[in-house]
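Written out below as structure tokens is the structure these notes cover.
Number of protein chains: 4
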Amino acid sequence: MTESIRDLAHLSHVELLTPKPDESLDYFREILGMEVSGERDDSLYLRGFGDYERASVKLTASTQSGVGHVAYRTSSLEALGRRVTALEAAGARGDWIDGDVGHGRTYSFLDPDGHRLEIFYETERYIPPPELRPALKNQPSRYLGRGVGVRHLDHVNFLAVDPAENRVFAERNLGLRLTEQIVLDDGTEAGVWLASNQKSYDLTYTRDATRTRGRLHHAAFFVDQREDVLRAADIFLEHGIVIESGPHKHAIQQTFFLYTWEPGGNRIEVCSGGYLIFAPDHEAVVWSQAERAKGQAWGMHTVPSFHVKGSPPVPEEDALLAGHPV
Amino acid sequence: MTESIRDLAHLSHVELLTPKPDESLDYFREILGMEVSGERDDSLYLRGFGDYERASVKLTASTQSGVGHVAYRTSSLEALGRRVTALEAAGARGDWIDGDVGHGRTYSFLDPDGHRLEIFYETERYIPPPELRPALKNQPSRYLGRGVGVRHLDHVNFLAVDPAENRVFAERNLGLRLTEQIVLDDGTEAGVWLASNQKSYDLTYTRDATRTRGRLHHAAFFVDQREDVLRAADIFLEHGIVIESGPHKHAIQQTFFLYTWEPGGNRIEVCSGGYLIFAPDHEAVVWSQAERAKGQAWGMHTVPSFHVKGSPPVPEEDALLAGHPV
Amino acid sequence: MTESIRDLAHLSHVELLTPKPDESLDYFREILGMEVSGERDDSLYLRGFGDYERASVKLTASTQSGVGHVAYRTSSLEALGRRVTALEAAGARGDWIDGDVGHGRTYSFLDPDGHRLEIFYETERYIPPPELRPALKNQPSRYLGRGVGVRHLDHVNFLAVDPAENRVFAERNLGLRLTEQIVLDDGTEAGVWLASNQKSYDLTYTRDATRTRGRLHHAAFFVDQREDVLRAADIFLEHGIVIESGPHKHAIQQTFFLYTWEPGGNRIEVCSGGYLIFAPDHEAVVWSQAERAKGQAWGMHTVPSFHVKGSPPVPEEDALLAGHPV
Amino acid sequence: MTESIRDLAHLSHVELLTPKPDESLDYFREILGMEVSGERDDSLYLRGFGDYERASVKLTASTQSGVGHVAYRTSSLEALGRRVTALEAAGARGDWIDGDVGHGRTYSFLDPDGHRLEIFYETERYIPPPELRPALKNQPSRYLGRGVGVRHLDHVNFLAVDPAENRVFAERNLGLRLTEQIVLDDGTEAGVWLASNQKSYDLTYTRDATRTRGRLHHAAFFVDQREDVLRAADIFLEHGIVIESGPHKHAIQQTFFLYTWEPGGNRIEVCSGGYLIFAPDHEAVVWSQAERAKGQAWGMHTVPSFHVKGSPPVPEEDALLAGHPV
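Each protein sequence line maps, in turn, to chains E, P, A and R.
Residues in the first sequence are numbered consecutively from 351, following the working numbering.
Residues in the second sequence are numbered consecutively from 351, following the working numbering.
Residues in the third sequence are numbered consecutively from 351, following the working numbering.
Residues in the fourth sequence are numbered consecutively from 351, following the working numbering.
Below, the structure is given as structure tokens:
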């Protein structure tokens, strides 16, 4: 890519399914410190104090955990049009749907592994009610000092049977940029990290060891300081929320991280740090099998559950996938 | 002092008077993140998650702001006896009173400047209710992740007409140790920092520029990390609480600090850092007038209000002081 | 701007003039912790561990302090061509020059206030010598743990007689985006913050109270954590480097900052925090005169020297400016 | 103990034996950031910027790794006399020896497990040379901003065949206070944490799984912020020093920690946090086998090497121990 035209502007929100909506709500509101900013049907909408749109999480009551969809905002209406054209040319079966709470007309489609993605341009710039109005006008809403206090949705990690197939799909049709990847000795891509902008990633596909399609590995929320992640660990500890792994620093992307499971059964990361990519001609960093065997940045080995556990696929997407064209 | 016998074990609590008890309560509970642990008459009792006694703040509704009293716990019953003997031999007019919420029989007296001090030994080791039980048994109660989240009361700073007089009183009768002091070119002691233990100070007297007796400069609460003080600044900002000074680092004691005023009219510091004094023969660090003129550690000059503003004296102590013997 | 085409990819480097090259070198290498990565004629080239190009600072021995030039890398060769076409159409007197150490052919021109700017595309991706090779391959070079340890050049702040004129120039000819600005009651733009990418600013013009053209206010270097800025303050203190202002948090841009002067006479900021701008249709935040009067985020007032002191203009640019066309 | 008389004032220094003195020196000076403050025979003496005595580490060239001795300073000459009387009454075979670099006459003896301990009172208050003079006079020497930058020696952890036996010895003869301990289901004390002052521990005995006497588990150095421990991890990573465990938070003592091995073969901890014990009647916190099985504070399990690896016993002490009387 010789031009820095990026049709996807940024990750916008993630819809998480939960069989325990009240407990999940408590996790996102009281522990992560997010705010409820909308409600419709069986869904609640939440946001971090740094999210400028209405919501970055849609929490939907369901029979099981899982990811309903992940949405990106495009850079313009034209960019949205270009992406839909590219997707349909590639044979992706998608549909235009009415906007959800907080955003306008949307194109909804599946990635090769069967995760539902949505793209849209028109959005609602969130105007907080008086009690959430920030002291500084360059901040979307008030920092509440409640719980972890996440700033915004940072990235989503999908499990996939074949990360390479999804990477190609995302590069070609969505214009995402590959920034780091794991390539095993046999050439298999075990993980790919993709970015729509100067954050070094906002969408990740890692190989599903169980060979199941459509699963979620985790959704991640950003805090400003590494110390905030340590403080988050103390807060999770006090709430009896098991920390699956971390706080520690990833070798890949150098993200400082911590993983827990929200009560509904979806893995949630609190993260900080990492780096920005300024170079327009950045070449993806490739990690070999031997390099990955060294563990995380400071040597901690990945917990076994990390390689196999994930939120299950959504049944209806699963059915659709039988005839997935890409 | 060739032996490290210290009859006062540690600062225990401070009683603050407030004409706006509801707003003060909101400040201590919602913003500082303390917990209400008792109530009697016109007073509420509060504690930080690291205070092992029942309370470190007694908040008393009153017609004006001010410090009701400051209490130390002694190292033993014998130590309490020794201190009372010393105080009475020195002519201090004190009285034995029944214990307040959370502690036993207490000796109450005035320092030379007219601040009321109390010393006691018997105390109640706080047993938190189930919802405040900590995850780790070596912590007095749960870290709530609400607001600033102060750990414990750290120190109290009294304004005094003559800090030297009060220093001598505290050294001789209470066994406190001078750790740092400001001595002006004319020999005046403009400030004295005293410690009952290995914290480098828990009681400070600084000169009252208005020549008023019995005033409080501030009470300070400890947080673990400097980053917690920065986070506190963000929280105060969002609550519309004016930050009088800081965050910055004191040259004296190297405390990382931030000052606000609680709504009742008492100055409150949130602090971290500083250092411990391990040497049994530590010699007090003396700061000259020229050295103090350099400002704080990183060069910030002290705000003018810092030299003159304080909580007013308590009228009844003021009356008593007319005939104060020391 | 409906498309996120950004022809300038990122701020690349700043050339600082110094009459005390040895002392300035010591400041950048031993105190800021940068590494020397090149030398030519009277100039030394330095870089932070996170700069991917050869250098982000060119330190040039001179008779006085000042900014030699500020350079941006473009997104592509085509983008470079487009910018030159736009600049020449606007009447900017520029010249193509040979590349400096670390980058290729460059277009050099003056902004309306007389600061020299350079744009180029071809650059040298820095390959560190063995002793500077990083442990993690996604990092340009080793984090040395020496001094402050700045990651990369963050932004440059020019003083200007008329910030608005320079803003218009930068928006139209360079494609920079206005993200925040100060507009006084009389409509004067007292400061403008501009960005080439998702960082919320990399170039700032603030009004020169002395009405002098071509002066530098400061160059800023990024560290990852707010705690790193506090640690920097301790390091400056120990080296006898006066801290002009901070550590504190700017209201504008929310940058956590600290300012010192390097021995050659240029103001240097160490900064962290701030926020990223993801919205493709972000509207500039406008601060009024009254809002600015409130001081910085946590209430500290700006030091008077901040409004008048700066590195002087470069004489030769000054002469050229007499007939500046824009 | 009803009185807070503590005859041992604080941990003073640790002598580490190293078969690789040059590499060990590099570790302590360049990576930990300590300063060499003395030399005699085959030993170098080093200190952190917050140590007030001449040295907190004595690094002695030897044929193998291990702990030469651990020294405490007493509260007074009288206190030293009292401890020697108690030790000799208990049958401990000790000797008076001439002081080492930095301190006066010393009583040297073995604990029941065969570690050599020394106690003394007279010490040299370190006066730094001009280049190490601190900016703030209440700090022993300059914070150098080099490497990790440890403040002072924090604690020593001995492996022992029977921690309980050593606990009783330390309580009775040295006046140390038990603050936390692990008691297994069969009543075995698997670990005991002891303190001479208000730090919550400075000497630890943990059970040697290999049933070897006289081994060192680790020596620990303090940094002010948890963020400093994270930064230390980055520095170790860049120096190719393997991090055995951490950064993480201990459940016991709540210390934030990181363990590495210095090149000579001794385990070194960098730590921060924890808590102070103010209560004169603090009761030791007892951890059961089930509680310990939960892992560290945030759930990380202890690495297996932690239970078996340690520096070997010193041969000559080993020989002496055959007839150890306690």
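A virtual CB, placed ideally from N, CA and C, is assigned to each residue, including glycine.
Proximal residues to residue i (C-beta, below 7 Å), its chain only, five neighbours per side dropped
| i | result |
| --- | --- |
| L375 of chain P | L394 and L409 |
| R561 of chain P | V511 |
| V658 of chain E | A559 and T560 |
| P533 of chain E | For clarity, residue 533 of chain E is Val in the given sequence; the question names Pro instead. So the qualifying residues of the chain are E539, V636 and S638. |
| P663 of chain P | G416, G464, T562, R563, G564 and R565 |
| R423 of chain R | A359, H360, S362, F470, Y471 and T473 |
| V500 of chain R | L382, G383, M384, G398, F571, F572, V573 and V620 |
Residues that DSSP places opposite residue i in a beta bridge
| i | result |
| --- | --- |
| G507 of chain R | Before going on, a small fix: residue 507 of chain R reads as Asn here, not Gly. R:T554 and R:H568, per the DSSP bridge assignment. |
| L626 of chain E | E:K549 |
| E530 of chain E | E:W543 and E:V635 |
| T421 of chain R | The sequence as given places Ala at residue 421 of chain R; Thr does not occur at that position. Looking at the DSSP assignment, A421 of chain R forms a beta bridge with R:H363 and R:E468. |
| S661 of chain P | P:L566 |
| L608 of chain A | A:V620 |
| V451 of chain P | In DSSP, V451 of chain P forms no bridge with anything. |
| W648 of chain E | DSSP, once it has assigned bridges, lists no residue as partnering W648 of chain E. |
First through last residue of the beta strand (DSSP E) which encompasses residue i
| i | result |
| --- | --- |
| S393 of chain P | S393 to R397 |
Residue i at chain P interface by Cβ criterion, 8 Å
| i | result |
| --- | --- |
| S425 of chain R | yes |
| A583 of chain R | no |
| E530 of chain R | yes |
| L587 of chain E | yes |
| V326 of chain A | No answer is possible for residue 326 of chain A: it lies beyond the span of chain A, which begins at 351 and ends at 676. |
Coarse secondary structure for residue i, derived from DSSP in three states
| i | result |
| --- | --- |
| R561 of chain P | coil |
| P597 of chain P | strand |
| I585 of chain A | helix |
| G495 of chain E | coil |
| Y457 of chain E | strand |
| T410 of chain P | strand |
| R356 of chain E | coil |
| D372 of chain R | helix |
| E403 of chain A | strand |
| R517 of chain A | helix |
| R390 of chain A | strand |
| D574 of chain P | coil |
C-beta neighbour in chain R for residue i, strict 8 Å
| i | result |
| --- | --- |
| A540 of chain P | no |
| L375 of chain E | no |
| R466 of chain E | no |
| R492 of chain A | yes |
| P675 of chain E | Confidence at P675 of chain E is low in this model, with a pLDDT of 40, below 50, so the placement of that residue should be treated as unreliable; the coordinate-derived value is given next. No - not a single Cβ of chain R is within 8 Å of the one on P675 of chain E. |
Bounding residues of the alpha helix (DSSP H) (the contiguous stretch that carries residue i)
| i | result |
| --- | --- |
| I381 of chain E | Run containing I381 of chain E: none; DSSP gives neither H nor E here. |
| R432 of chain A | L427 to A439 |
| E474 of chain A | Premise fails: E474 of chain A is in no alpha helix (DSSP H) and is neither H nor E. |
Test: residue i CB closer than 8 Å to a CB of chain E
| i | result |
| --- | --- |
| R617 of chain R | no |
| S354 of chain A | Confidence is the limiting factor: at S354 of chain A the pLDDT is only 43, short of 50, which leaves the residue's position unreliable, though a coordinate-based value still follows. With 8 Å as the cut-off, S354 of chain A counts as an interface residue toward chain E. |
| R527 of chain P | no |
| R397 of chain P | no |
| P484 of chain P | yes |
is_contact[residue i, chain A] using C-beta, thresh 8 Å
| i | result |
| --- | --- |
| V579 of chain E | no |
| R576 of chain E | yes |
Cβ shell of residue i (< 8 Å), same chain only, five flanking positions each side left out
| i | result |
| --- | --- |
| R483 of chain P | S491 and R492 |
| V506 of chain E | L361, V364, V417, V420, D552, L553, T554, L566, H568, A569 and A570 |
Cβ-based neighbour list, residue i, same chain, cut-off 6 Å, excluding 5 preceding and 5 following
| i | result |
| --- | --- |
| P371 of chain P | A411 |
| L524 of chain R | L358 |
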